[in-house]
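2 protein chains.
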Amino acid sequence: MKKVYLNIIPKLGVLQDFDIAEASNLFFLKILKKDQCIVRPGTNSQYIYFLLSGLVYSHTIEEKINWYEFEGQSFADIESVFFNKQCDQYIRCAEDSSVVSISKDNLLYLVKTNHKWAVWYALFLEEIIQRMYYYYKNLLVKDASQRYSELIELHPEIIQRIPLGHIASYLGISQVSLSRIRAGRQTKKS
Amino acid sequence: MKKVYLNIIPKLGVLQDFDIAEASNLFFLKILKKDQCIVRPGTNSQYIYFLLSGLVYSHTIEEKINWYEFEGQSFADIESVFFNKQCDQYIRCAEDSSVVSISKDNLLYLVKTNHKWAVWYALFLEEIIQRMYYYYKNLLVKDASQRYSELIELHPEIIQRIPLGHIASYLGISQVSLSRIRAGRQTKKS
DNA sequence: TGACGTTTTTAACATATGTAAAAGGAAATC
DNA sequence: GATTTCCTTTTACATATGTTAAAAACGTCA
Numbered sequence: 095m096k097k098v099y100l101n102i103i104p105k106l107g108v109l110q111d112f113d114i115a116e117a118s119n120l121f122f123l124k125i126l127k128k129d130q131c132i133v134r135p136g137t138n139s140q141y142i143y144f145l146l147s148g149l150v151y152s153h154t155i156e157e158k159i160n161w162y163e164f165e166g167q168s169f170a171d172i173e174s175v176f177f178n179k180q181c182d183q184y185i186r187c188a189e190d191s192s193v194v195s196i197s198k199d200n201l202l203y204l205v206k207t208n209h210k211w212a213v214w215y216a217l218f219l220e221e222i223i224q225r226m227y228y229y230y231k232n233l234l235v236k237d238a239s240q241r242y243s244e245l246i247e248l249h250p251e252i253i254q255r256i257p258l259g260h261i262a263s264y265l266g267i268s269q270v271s272l273s274r275i276r277a278g279r280q281t282k283k284s
Numbered sequence: 095m096k097k098v099y100l101n102i103i104p105k106l107g108v109l110q111d112f113d114i115a116e117a118s119n120l121f122f123l124k125i126l127k128k129d130q131c132i133v134r135p136g137t138n139s140q141y142i143y144f145l146l147s148g149l150v151y152s153h154t155i156e157e158k159i160n161w162y163e164f165e166g167q168s169f170a171d172i173e174s175v176f177f178n179k180q181c182d183q184y185i186r187c188a189e190d191s192s193v194v195s196i197s198k199d200n201l202l203y204l205v206k207t208n209h210k211w212a213v214w215y216a217l218f219l220e221e222i223i224q225r226m227y228y229y230y231k232n233l234l235v236k237d238a239s240q241r242y243s244e245l246i247e248l249h250p251e252i253i254q255r256i257p258l259g260h261i262a263s264y265l266g267i268s269q270v271s272l273s274r275i276r277a278g279r280q281t282k283k284s
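Line order of the protein sequences matches chains C and Z.
Everything in the first sequence is counted per my numbering, starting at 95 for the first residue and increasing by one.
Everything in the second sequence is counted per my numbering, starting at 95 for the first residue and increasing by one.
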């Protein structure tokens, strides 16, 4: 039994170690190098991933960065998993990383055959909703300079890990604007 | 038995009429007048609503409009229901409306005691994720003029139902900018 | 019809932000 | 040590968008 699975799958007050151990043949570990792609545009990626270590990000074909996910978080290509469409983004490692994955089919098998896993999945989806809502509201009510402040407050080390051009892209502004924000000559919204 | 419940609660390929009928004592119908509040800032609204008829919208204390929901859709105060926080928005009727509601507690009771309802809730949450992702991606990749075009394409009658000032607020732009978009003298992003 | 209030558009101006290009700085390579 | 390359900041300029105010359009009601 691979203990690594026990720690990265959130129990959410529902599962116990042996529930995960019992299902461990449905989970797979992958070791990934920096810049390696986990998901490519035009494919359909029916997997949910749990990030054991490293840093992954999503970006469009035009190199616009959509999100970053840090160690301990889960991620997936939403359009594939929840819309069953071909995805239109890359999911890529910003650093050497390791992930545990489970296919949507296998997860739904657990959900449909096991009440515990059904409750777990519902609570897991609630967490996804929380994260997505947080991102959504960030976009809706905060300007780029607020979002930059909060990013470096939450992940101060990101400056060392990611070039500012990528952070600007993530924030949805030009690198010039980010420089102005960092230099403090930027009018703030609120 | 109130048949109205049977039609507004989505079955999602899991429930049958009698499942909903069996739980119908947990659902409540409300008739609401135009401008009436369903949710107020500073309260905690632990209800999920299904909009039978009418039109509801969310707006902040500063009158910024966050979203509209049309007949047949469900809605809730996300911060209350999924974060258990006090909400910071109004949810208000743009027209005379009627809704069916269920409390989060009662819903979780169904989920925890009935496998069918657990699967149903998971699929329902997947639908919420789809809708939220759609809103999120709209904000992320589309400019106001695109979002305006798609809004009137999807709901052409909205122009008759809602003043343009509210639509501008919903789009996150000034009414002056919306006038410029409508007059066609507006540079588009793509 | 005329007067009034509301909604929408237009005009004038200030400013924030993007683009393009140059300059500065840091790290790696020869 | 010098050169190269990459990353970041700065400058100059063009433009989209907000604010404010005025004008126009529209509906209601006497």
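Ideal placement from N, C-alpha and C gives every residue a C-beta, glycine not left out.
It should be emphasised that the depicted structure is a prediction, and the values quoted were computed from it without experimental measurement.
Let's see if you can read the secondary structure: which residues bound the alpha helix (DSSP H) around residue i?
{"i": "VAL175 of chain C", "result": "172-177"}
{"i": "GLU163 of chain C", "result": "Careful: GLU163 of chain C lies outside any alpha helix (DSSP H), inside the beta strand (DSSP E) at 159-164."}
{"i": "SER263 of chain C", "result": "258-265"}
{"i": "SER273 of chain Z", "result": "269-277"}
Pick from the options: whose alpha carbon is nearest that of residue i?
{"i": "SER152 of chain C", "options": "C:SER273, C:SER271, C:LEU265", "result": "C:LEU265"}
{"i": "ILE102 of chain C", "options": "C:ILE125, C:PHE144, C:SER118", "result": "C:PHE144"}
{"i": "ILE142 of chain C", "options": "C:VAL193, C:GLY278, C:VAL270", "result": "C:VAL193"}
{"i": "GLU163 of chain Z", "options": "Z:LEU149, Z:ARG255, Z:LEU201", "result": "Z:LEU149"}
{"i": "GLN240 of chain C", "options": "C:MET226, C:THR137, C:ALA262, C:CYS131", "result": "C:ALA262"}
{"i": "GLU157 of chain Z", "options": "Z:ILE172, Z:ARG134, Z:SER271", "result": "Z:ARG134"}
{"i": "VAL270 of chain Z", "options": "Z:ASN178, Z:PRO250, Z:ASN119, Z:ALA238", "result": "Z:ALA238"}
{"i": "ASP171 of chain C", "options": "Z:TYR227, Z:LEU248, Z:ARG255", "result": "Z:TYR227"}
{"i": "ASN138 of chain C", "options": "C:LEU106, C:HIS209, C:SER197", "result": "C:SER197"}
{"i": "ILE267 of chain Z", "options": "Z:ARG255, Z:LEU248, Z:LEU233, Z:HIS249", "result": "Z:LEU233"}
{"i": "PRO285 of chain Z", "options": "Z:GLY166, Z:LYS206, Z:TRP161, Z:LEU126", "result": "For residue 285 of chain Z there is no data in the structure shown, the boundaries of chain Z being 95 and 284."}
Given a cut-off of 7 Å, decide if residue j and residue i are closer than it, judged by their beta-carbon atoms.
{"i": "THR154 of chain C", "j": "GLN180 of chain C", "result": "no"}
{"i": "ALA212 of chain Z", "j": "VAL108 of chain C", "result": "no"}
{"i": "GLN110 of chain Z", "j": "PHE176 of chain C", "result": "no"}
{"i": "GLN140 of chain Z", "j": "SER168 of chain Z", "result": "no"}
{"i": "TYR99 of chain C", "j": "PHE121 of chain C", "result": "yes"}
{"i": "ASP190 of chain C", "j": "LYS124 of chain C", "result": "no"}
{"i": "TYR230 of chain C", "j": "TYR230 of chain Z", "result": "yes"}
{"i": "ILE185 of chain C", "j": "HIS260 of chain C", "result": "no"}
{"i": "LEU204 of chain Z", "j": "ALA117 of chain Z", "result": "yes"}
{"i": "TYR215 of chain C", "j": "ALA216 of chain Z", "result": "yes"}
{"i": "LEU219 of chain Z", "j": "LEU219 of chain C", "result": "yes"}
{"i": "CYS187 of chain Z", "j": "GLN130 of chain Z", "result": "yes"}
{"i": "LEU258 of chain C", "j": "LEU272 of chain C", "result": "yes"}
Quick check on DSSP: helix, strand or coil for residue i?
{"i": "GLN180 of chain C", "result": "coil"}
{"i": "ARG225 of chain Z", "result": "helix"}
{"i": "HIS249 of chain Z", "result": "coil"}
{"i": "VAL193 of chain Z", "result": "strand"}
{"i": "GLN167 of chain C", "result": "coil"}
{"i": "SER284 of chain C", "result": "Residue placement at SER284 of chain C is poorly supported in this model, since its pLDDT is 37, which falls under 50; the coordinates still yield a value, given next. Looking at SER284 of chain C - three-state DSSP - the assignment turns out to be coil, as it is neither helix nor strand."}
{"i": "LEU109 of chain C", "result": "coil"}
{"i": "ILE287 of chain C", "result": "Not covered by the structure: residue 287 of chain C. The range shown for chain C is 95 to 284."}
{"i": "SER239 of chain Z", "result": "helix"}
{"i": "MET95 of chain C", "result": "Annotation note: pLDDT 48 at MET95 of chain C (below 50); position unreliable, coordinate value reported separately. In this structure, MET95 of chain C counts as coil in the three-state DSSP scheme."}
Could you tell me which residues DSSP puts in a beta bridge with residue i?
{"i": "PHE122 of chain C", "result": "C:SER195"}
{"i": "ILE185 of chain C", "result": "C:VAL133, C:SER152"}
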